[in-house]
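Novice: In the numbering used here, the protein residues as written are 21 to 400.
1) CB residue 355 to CB residue 73, shorter than 8 Å?
2) Enumerate in chain order the residues of its own chain whose CB-to-CB distance from residue 277 is below 8 Å, with the five nearest sequence positions on each side excluded.
3) Could you tell me the alpha carbon to alpha carbon distance between residue 311 and residue 268, rounded to whole angstroms?
4) For residue 200 and residue 165, what's the separation of their Cα atoms in angstroms?
5) Within 10 angstroms of its Cβ, does residue 346 collect 16 or more other Cβ (buried), or is it exposed?
6) Buried or exposed for residue 189, going by 16 or more other Cβ atoms inside 10 Å?
7) Using 8 Å as the threshold, is the C-beta distance between residue 160 and residue 139 below it?
8) On the DSSP bridge assignment, give the partners of residue 175 in chain order.
9) Give the DSSP-derived three-state secondary structure of residue 364 in the structure shown.
10) Could you give the uninterrupted runs of the beta strand (DSSP E) lying entirely in the stretch 258-293, keeping only those of 3 residues or more?
11) According to the Cβ coordinates, are residue 184 and residue 153 closer than 8 Å?
12) Only counting the same chain, and skipping five residues up and downstream in sequence, which positions put a Cβ closer than 7 Å to that of residue 281?
13) Sort 214, 359 and 192 by Cα distance to residue 337 and report the nearest one.
14) Using a threshold of 8 Å, state whether the C-beta atoms of residue 129 and residue 171 are closer than that.
15) By a C-beta neighbour count over all protein chains shown, 10 Å radius and 16 as the cutoff for buried, is residue 400 buried or exposed?
16) Can you list, in chain order, the residues of its chain whose CB lies under 6 Å from that of residue 149, leaving out five sequence neighbours each side?
17) With respect to the beta strand (DSSP E) encompassing residue 232, which residues constitute its N-terminal and C-terminal limits?
18) What's the C-alpha gap between residue 181 and residue 225?
19) Measure the beta-carbon distance from residue 390 to residue 384 and round it to whole angstroms, keeping in mind my assumption that it falls under 8 Å.
20) Please list the terminal residues of the continuous beta strand (DSSP E) segment that includes residue 101.
21) Going by the CB atoms, is the gap between residue 117 and residue 123 shorter than 8 Å?
22) Locate the beta strand (DSSP E) running through residue 240, then write down its first and last residues.
23) Look at residue 177 and residue 142 and say whether their C-beta atoms are less than 8 Å apart.
24) List the endpoints of the continuous beta strand (DSSP E) containing residue 297.
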């Protein structure tokens with residue numbers, strides 16, 4: 021890239037960001053909004069040429085009983101745990117099944133069915149295994165803790181009663197415990213749990229919205245991102261303390277993925293004006309858009325995950341069945357790791373380890389019904 025071209029790109033990014041901030045409207049909410057953002061993103065380093073890292077993408081054979089029957093309306097969940105992976109999925113009759121796999125994809129313990137029926141579920145890694153949250157038809161939100169061998173570490177505990185159907189559930193670590201959030205009737209509620217999955221207090225209604233996403237924050241709280249309940253309004257993200265007090269709310273750019281915690285900061289990712297995925301630090305006033313939502317880019321970030329120092333994005337191309345796995349760096353650069361087809365879109369169908377390896381769930385549609393499998397990424 022020539023010097024003139026680099027300067028032009030930097031200028032375009034700054035102008036687009038300034039327009040985004042200038043056109044923002046106040047949020048009708050009693051939660052204080054964060055300090056106004058500066059007119060440029062927190063990271064404005066010019067995008068570098070994207071290198072290609074030669075990673076191996078393999079398709080391990082899953083043990084018998086794993087993903088044999090999957091409800092297509094509820095994609096499976098996979099998270100990296102100590103020495104392996106935990107997977108959960110909903111069967112066609114509503115049963116919630118869970119399995120633990122070691123690093124070589126062998127089954128640890130047995131495939132278990134924990135509840136039937138469930139309407140939504142979410143999975144999170146724990147120091148000694150995994151925790152699984154789910155919702156039952158009457159609105160009960162339940163949490164179970166599982167060891168690395170898939171054995172119960174507690175009796176599944178009802179941590180909240182929504183009193184109505186729960187549409188989605190999310191769970192994330194917070195300090196030594198976890199936070200569980202759920203969507204019902206266009207509002208999002210949450211409860212904080214201690215390490216034994218005992219509620220620290222009563223469930224709290226946090227905000228209106230749908231499809232929540234939780235991210236642990238370096239300050240031992242969580243970031244809660246929600247999509248709007250009404251058309252024509254923007255997504256937003258709230259910073260929550262461990263006691264679930266909302267300290268700030270920021271607007272969320274259309275098409276951006278995140279937030280994720282990386283090191284001691286919070287980040288988001290977007291495709292920039294030269295069609296390259298780019299990660300940016302969330303500035304004090306919240307993220308600012310790099311691209312005009314009215315002009316969708318040819319590439320789209322479908323998922324963004326992080327662990328330790330590693331951030332991976334799943335990127336798709338408009339009009340193509342291909343997806344790419346990219347590693348995104350804090351300086352705004354990215355590296356293409358692998359190309360694949362058939363990713364199963366879902367909130368937890370991609371996971372990454374601190375060493376940079378990753379796993380994602382694939383869906384292969386056929387006349388005899390969909391089949392689910394796993395692709396594993398190993399990089400030098």
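Cβ coordinates follow ideal geometry from the N, Cα and C atoms, glycine included.
Specialist: If we stick to the structure as given:
1) yes
2) 288, 289, 290, 321, 322, 323, 324 and 333
3) 24 Å
4) 13 Å
5) buried
6) buried
7) no
8) DSSP lists no partner for residue 175.
9) coil
10) 266-271, 277-282 and 285-291
11) no
12) 235, 236, 237, 238 and 326
13) 359
14) yes
15) exposed
16) 166, 167 and 168
17) 230-236
18) 12 Å
19) 7 Å
20) 97-101
21) no
22) First-last for residue 240: undefined, no H or E at that position.
23) no
24) 297-301
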